[in-house]
Amino acid sequence: MSLAIDQNALTARLAKAERRGKIRAFLLVAPLLAFVLLSFVIPIANLVTQAFYGDLVSSNMPKTTAELATWNGTMPVPESLCESFVTEFKAAKVKDAALPTRIATLVNREFSGSLSKLRPVANNELSAPYCGALAKLNDEWTKPEIWNAIKIVSPSVSPRFFGSIRPETEENKIHLALFGRTLYVAAAVTLFCALLGFPIGFLLAHLPARTSNLLMIIVLLPFWTSLLVRTTAWIALLQQNGVINDTLVALGLIADDQRPVMMYNMFATFVAMTHVLLPFMILPLYSVMTGIKPNFVRAARSLGATPFTAFWRVYFPLTIPGLGAGCLLVFILAIGYYITPALVGGQSGQLISNIIAFHMQKTLNWPLASAIGTLLLAGVLLLYWLYNRLVGIEKMKFA
Amino acid sequence: MKMTKGLSVLLGAAAAIGLTAAAHAGQITVISWGGAYTNSQVKAYQEPWMKKTGNTIVSADYNGGLAEIKAQVQSGNVTWDVVDVETSEAISGCNDGLFEKIDAAKLPKGDNGAGPLDDFVPGAITDCAIANIAYANVIGYDSSKFTGDKPTKVADFFDLKKFPGKRGLKKEAKVNLEFALMADGVASADVYKVLATKEGVDRAFKKLETIKSSVVWWEAGAQPPQLLASGEVTMTTAYNGRLFTPAVKENKPFVIIWDGQQQVFDNWAIVKGTKNKDLALDFVGFSTSTKPLADQATYIPYGPARKSSAPFVGKFEDGKTDMAPHMPTNPDNMKNAIVQDVKFWADHYDELNERFVAWIGK
Amino acid sequence: MKFLRPNLPVYASSLEIAWYFIFRAICVAIFIFLLAPVLVIIPLSFNAESFFSFTSGMLKLDPAAYSLKWYRDIFTNGMAAPEAPFSLAWLADSWARSQWMLALKNSVIVGIFATLLATTLGTLAAVGLSRPDMPFRGPIMGMLISPMIVPIVITATGMFFFFSKIGLAQTYTGLIMAHALLGTPFVVITVTATLTSFDRSLIRAAANLGANPLTAFFKVQMPLIMPGVISGGLFAFVTSFDEVVVVLFLAEPEQRTIPRQMWSGLREQVSPTILAVATILVILSFILLSSLEISRRRLEKMKLEPSA
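Residue numbers (this note's numbering), protein chains in the order written: chain A, 1 to 399; chain B, 400 to 761; chain C, 762 to 1069.
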């Protein structure tokens, strides 16, 4: 009886100690966790909501938004709608001179040409009846398309920005094609990295430690030099009058006016990205290959295998974990690449990240940028999860 | 122990660096177009102004357009104080409330005593911006690439058979559509009449389509001379001053075709909501006064926006090259010139450029 | 070249020997691919002309075709009086106003503070994560590493929106936070890796001998994981020193860093000055990397000696 009580007390005390240990461990991680939440997780969650939420119209033109919600698409539109639209649009201009153009730009994305129909509404004196006054400004106001466009952009919560990624119009196809191109470039760069990284990993793993450490510096030097330095270097090498073309011409291999175009295209993107990402392939391969015992291959040879068979049937399968880890890592990093394609890729070498930056900085279509970013994020997180399942993030190593 | 000591030394050093950076009287951020152009402004406007007032200028580059300014005003992070903009952007930005209004009557008088409103050439003053110089969008080529006939007119730019090689064009609708129409046979005086119709715009795009596969797109004014020098293109559109500098200073075989040149003003505008409005105004007034404007022309062949500056324009910084024949406003260069219709572009820039960007991506 | 000497077994066929040399040739070619771009910019940075290609004068080794002017430009670009004679005042002017000096100051300030923040938080977290009783280890680790995996454009975009809202955009604080965030995964990974080989019984031994947990951490655990902390910190610093996208989205012109300045050099204001800067950076990273390698060798020697 007393033994049982003691046992219970012991379990409770053990559980308490365990809980205290857990809390102590968690408290050590907590500061970083809070920091990552504040500066990373919340901003990204906020980005994802931006893809669904935009209250520019609904907050500045609430009456118009409400009336458009009940409008069934038939023409002519009710006079009350014209009136609230005109008065609220003009009031927006008084509130902030930039608002009419911002709203008009939003409508213009749904129905091209709306910009020049909407702007005069803010800039001209209009009086009742407003539908008539609008019709006098421009014929388009008697047609349903422009009203439909305003209706589409007016609700504050809508998935419409994902809509512009669907292949319905010529322009939208660009985004879909870019996703395709990004996957293609990432796959190709992964393949190149594997092809170039495998021999180097093999060489380093089978050389005496002193030599391989020295050569490792060559592998790591590009890794440690600034990305921009390396990209600059590729520009100097690959351009029309660049070092490579000049050398080929000087050697008489190509005619001076037949210089191949190697810059500002997909080729340049391939070359520069492979160069940048190659160390991420070599390092995991190297660490797996150093762990492979030479006895295996020797045994295969002594059992009569040709060198090729011994390599292909015995050695190569053992490198698969390293190869897989390297490929997955390179692929994940490649689909999010931005700087190198932006500088050397020209028009045909742009990837999905570049289009996100383009919409962020040039067209100011922020919700669209958020929508594309959300899709890219989902893809990357899926691959990341896969990597974690297959390789384990704690296996990631540098230097 | 050692570690903490090392850290505190580092922290102290960093703080000291931070303090020296912040120790100046006043500071404004001036945004311009980079390369040889910004250099000329640094020499003629910024260095003298910094010396005179003791303030500091943070100078940075952009490639035109209003997007960055809109983004700053929309997100409430206004960090640019003074921006060098083309007149059409100055007008539409002013309409959209992106720029502060500037009272031109309060600008300094000309050195000859002329009041500012009389001293500036027509079109140089708008509600929110003051012009500093007039430049031209021109076509330039590398003469070493064409051994026989040399290109002489806009149409030659579109003639890939007679003048083979890649072409450089700015990634923007403005200027390109005009060149395309002129090359397609539209008289320079009628360009904007034609461009105002839908058929005219279609016609311009159709003409551009004929060379699209041979185009290398550029964004920054410093790129065209680089593209020519590196052999990336044989012919390119450019701002006239950007081709002049390498041709004269470094003897590059760059030749300008003045046929169909398109003249535009560059203006100083002050971004709405800046915390340094007074300093910014002072800088705008100083740099658009008679002497600095004339000084700028010794570094780059752009015409000063004040009449009183004209007598002071002389030779290039090398002391021997006469600037007059290289100015867009020289009568010899003006034969088939057009002046950009700023009203047209203020109204239609967004739509035409959107179509243009979609067309490039196709 | 030592690694070219065949050390094949005697029974190797002639085909194998041929393949051995072909394989070495392939490897040499790949090493050239890795190294050439970094090396080629060094001579180009002494170009007397303002373009990115070798001139005929340079190929003939004509001294007139070479010049140090781009190195001079690093110091003078942006000065109020660059033509003034060299003096203390000239240096002060350059230090206060040169564009590259401004960039250098920003890079160093942001880099140092971001590294301190990342290393402190990252090391603490790694210590917690490697304790056997850490709850939700997998998911938390996954989340802490994700800033390295999520495309930088997405991170920068998210930060732009959120930091604008809370007034951190265009501030040094915001920039330091962003760069620290990008550096933490490196610290967590390297320190966790060092901790896996750490013998936890040492902590219990210290506790037995009367040390409180804090003393045990600083006197026993910390010195042993120091190499991991330092290399993690170095990675965090290099990450910040090389970062451009976040700076593009979050920083104002006055806060531009060296990579940001290079970015506009490549995109907008093409000038060989960036080649000169690049050369300096390459030399710096070479020094950094070789001193790391030397200290690593010395450490190995020290480890080996007692047993020998």
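Glycine is no exception: its CB is placed at the ideal position from the N, C-alpha and C atoms.
*Given 8 Å as the limit, is there contact between the segment 51-71 of chain A and the segment 146-165 of chain A, that is, 3 or more CB pairs closer than that?*
The answer is yes - the segment 146-165 of chain A touches the segment 51-71 of chain A, with three or more Cβ pairs under 8 Å.
*Name the chain A residues whose beta carbon is nearer than 9 Å to that of B:I759?*
For this step, residue 759 of chain B is matched to residue 360 along the second sequence. Here the neighbours are Q347.
*Tell me, which residues are paired with B:E485 by DSSP?*
Counting from one through the second sequence, the residue named residue 485 of chain B turns up at place 86. Its beta-bridge partners are B:D665.
*Have a look at B:F556, B:V590 and B:S474 and flag the residue whose alpha-carbon is nearest the alpha-carbon of B:D541.*
Taking the second sequence and counting its residues from 1, one reaches residue 541 of chain B at position 142. Ranking the options by Cα distance to B:D541, first place goes to B:F556.
*asked:* Counting C-beta neighbours from all protein chains within 10 Å, is the total for C:A853 16 or more, i.e. buried, or is it exposed?
replied: Within the third sequence, numbered from 1, the residue matching residue 853 of chain C stands at position 92. C:A853 should be labelled exposed.
*Taking the Cβ atom as the reference point for each residue, do A:G229 and C:A1039 lie within a distance shorter than 7 Å?*
For the purposes of this step, residue 229 of chain A is identified with residue 229 of the first sequence, where counting begins at 1. For the purposes of this step, residue 1039 of chain C is identified with residue 278 of the third sequence, where counting begins at 1. Note on residue identity: the sequence assigns Val, not Gly, to residue 229 of chain A. Taking 7 Å as the Cβ cut-off, A:V229 and C:A1039 qualify as a contacting pair.
*Give the interface partners of B:L497 over in chain A, defined as CB-CB distance under 9 Å, in chain order.*
Taking the second sequence and counting its residues from 1, the one referred to as residue 497 of chain B is at position 98. What B:L497 touches in chain A: A97 and A98.
_Residues of chain A with CB closer than 7 Å to the CB of C:W1024, please, in chain order._
Sequence index remark: in the third sequence, residue 1024 of chain C carries index 263 (1-based). Within chain A, the residues near C:W1024 are L228.
_Expected contact under 8 Å - CB spacing of B:Q660 and B:N752 to nearest Å_ = By one-based count along the second sequence, residue 660 of chain B stands at place 261. By one-based count along the second sequence, residue 752 of chain B stands at place 353. About 21 Å; that fails the 8 Å criterion.
_Neighbouring residues, chain A, relative to C:V739 (Cβ below 7 Å)_ = Nothing can be reported for residue 739 of chain C: it is not among the residues displayed for chain C, which extend from 762 to 1069.
_B:G475: contacting residues in chain C (beta-carbon distance under 7 Å)_ = Sequence index remark: in the second sequence, residue 475 of chain B carries index 76 (1-based). Those within 7 Å of B:G475 in chain C are S925.
_Under 7 Å, Cβ to Cβ, is there at least one residue of chain A near C:Y781?_
Within the third sequence, residue 781 of chain C is the residue found at index 20, counting from 1. C:Y781 does not count as touching chain A.
*asked:* Quick check on the DSSP output: the beta strand (DSSP E) that includes B:Y638 runs from which residue to which?
replied: Against the second sequence, residue 638 of chain B aligns to sequence position 239. Note, B:Y638: beta strand (DSSP E), M634 to Y638.
*Should A:H206 be labelled buried (16 or more other beta-carbon atoms within 10 Å of its own) or exposed?*
Against the first sequence, residue 206 of chain A aligns to sequence position 206. The Cβ neighbour count for A:H206, taken over all protein chains shown within 10 Å, is under 16; the residue is labelled exposed.
*Taking only beta-carbon positions, decide if B:T428 is within less than 7 Å of chain C.*
The sequence position of residue 428 of chain B within the second sequence is 29, counting from 1. Yes, its Cβ sits closer than 7 Å to a Cβ of chain C.
*Three-state secondary structure (DSSP) at B:S688?*
Within the second sequence, residue 688 of chain B is the residue found at index 289, counting from 1. Coil.
*Label C:P946 either buried or exposed according to how many other C-beta atoms from any shown protein chain fall within 10 Å of its C-beta, with 16 as the threshold for buried.*
On the third sequence, position 185 is the one that residue 946 of chain C refers to. C:P946 is buried by the Cβ-count criterion.
*What's the C-alpha gap between B:A422 and A:N354?*
Residue 422 of chain B sits at position 23 when you count from the first residue of the second sequence. Residue 354 of chain A sits at position 354 when you count from the first residue of the first sequence. No answer about B:A422 holds up, because its pLDDT of 45 lies below 50 and its placement is not dependable.
_What does the Cβ neighbour count give for A:A371, buried or exposed, with the cut at 16 atoms within 10 Å?_
Position 371 of the first sequence, counted from the start, is the residue given in the question as residue 371 of chain A. By the 10 Å Cβ count, A:A371 comes out buried.
*Identify the contact partners of C:R1028 in chain A, using a Cβ-Cβ distance below 9 Å as the criterion.*
Taking the third sequence and counting its residues from 1, one reaches residue 1028 of chain C at position 267. Under the 9 Å cutoff, chain A gives A342 and L343.
_Cα-Cα separation between B:A420 and C:M840, rounded to whole angstroms_ = In the second sequence, the residue the question calls residue 420 of chain B occupies position 21. In the third sequence, the residue the question calls residue 840 of chain C occupies position 79. Low confidence applies here, because B:A420 scores a pLDDT of 45, under 50, leaving its location unreliable; read the following figure in that light. Each residue's alpha carbon lies about 14 Å from the other.
*How many Å lie between C:G889 and C:K980 at the Cα?*
Residue 889 of chain C sits at position 128 when you count from the first residue of the third sequence. Residue 980 of chain C sits at position 219 when you count from the first residue of the third sequence. Distance between the alpha carbons of C:G889 and C:K980 is about 17 Å.
*Relative to the alpha-carbon of A:R36, which residue among C:A825, C:G944 and C:S1056 has its alpha-carbon at the smallest distance?*
On the first sequence, residue 36 of chain A is found 36 positions in, with the first residue counted as 1. According to the sequence shown, residue 36 of chain A is Val rather than Arg. Comparing Cα positions, the closest option is C:G944.
_DSSP has B:I430 in a bridge; who is on the other side?_
What you label residue 430 of chain B is simply residue 31 of the second sequence in a count that begins at 1. Its beta-bridge partners are B:A459 and B:V482.
*With C-beta atoms as the reference, is B:L559 less than 7 Å away from B:S613?*
Along the second sequence, read from residue 1 onward, the residue named residue 559 of chain B stands at position 160. Along the second sequence, read from residue 1 onward, the residue named residue 613 of chain B stands at position 214. Contact flag set, yes.
*Compare the Cα-Cα distances from A:A310 to each of A:A300, A:P317 and A:L318 and report the closest residue.*
Counting from one through the first sequence, the residue named residue 310 of chain A turns up at place 310. For A:A310, the nearest C-alpha among the options comes from A:A300.
*In the DSSP assignment, what are the bridge partners of B:R705?*
Numbered from its first residue, the second sequence carries residue 705 of chain B at position 306. For B:R705, which the question treats as bridged, DSSP gives the partners B:F519.
*With respect to the beta strand (DSSP E) encompassing B:W617, which residues constitute its N-terminal and C-terminal limits?*
Sequence index remark: in the second sequence, residue 617 of chain B carries index 218 (1-based). Segment V614 to W617, the beta strand (DSSP E) holding B:W617.
*C:L776 versus C:I787: straight-line alpha-carbon distance, rounded*: Translated into positions along the third sequence, residue 776 of chain C becomes position 15. Translated into positions along the third sequence, residue 787 of chain C becomes position 26. Cα to Cα, C:L776 sits roughly 16 Å from C:I787.
*Taking only beta-carbon positions, decide if B:A424 is within less than 7 Å of chain C.*
Counting from one through the second sequence, the residue named residue 424 of chain B turns up at place 25. With 7 Å as the cut-off, B:A424 does not count as an interface residue toward chain C.
*asked:* Looking at chain A, is there any beta carbon in it that lies within less than 7 Å of the beta carbon of B:D731?
replied: Along the second sequence, read from residue 1 onward, the residue named residue 731 of chain B stands at position 332. Taking Cβ atoms only, chain A never reaches closer than 7 Å to B:D731, which makes this a no.
*B:D589: which of B:V756, B:Q426 and B:I737 sits nearest, CA to CA?*
Counted from its first residue, the second sequence places residue 589 of chain B at position 190. B:D589 has its Cα closest to that of B:I737, out of B:V756, B:Q426 and B:I737.
*Within this structure, are the beta carbons of B:N462 and B:A579 separated by less than 7 Å?*
As a working note, residue 462 of chain B is residue 63 in the second sequence. As a working note, residue 579 of chain B is residue 180 in the second sequence. Their beta carbons are not under 7 Å apart, which means B:N462 does not touch B:A579 by this criterion.
_Our contact map puts B:P507 next to B:S688 with C-beta atoms below 8 Å; I'd like the distance itself, whole angstroms only._
Within the second sequence, the letter at position 108 stands for residue 507 of chain B. Within the second sequence, the letter at position 289 stands for residue 688 of chain B. Indeed they touch by this definition, with Cβ atoms about 5 Å apart.
*State the start and end residues of the unbroken beta strand (DSSP E) segment that holds B:A539.*
By 1-based counting over the second sequence, the position of residue 539 of chain B is 140. Reading off the sequence, residue 539 of chain B comes out as Gly, not Ala. That run of the beta strand (DSSP E) goes A528 to D541.
_Quick check: is the beta carbon of A:F331 nearer than 7 Å to any beta carbon in chain C?_
Counting from one through the first sequence, the residue named residue 331 of chain A turns up at place 331. No, because no Cβ of chain C sits closer than 7 Å to the Cβ of A:F331.
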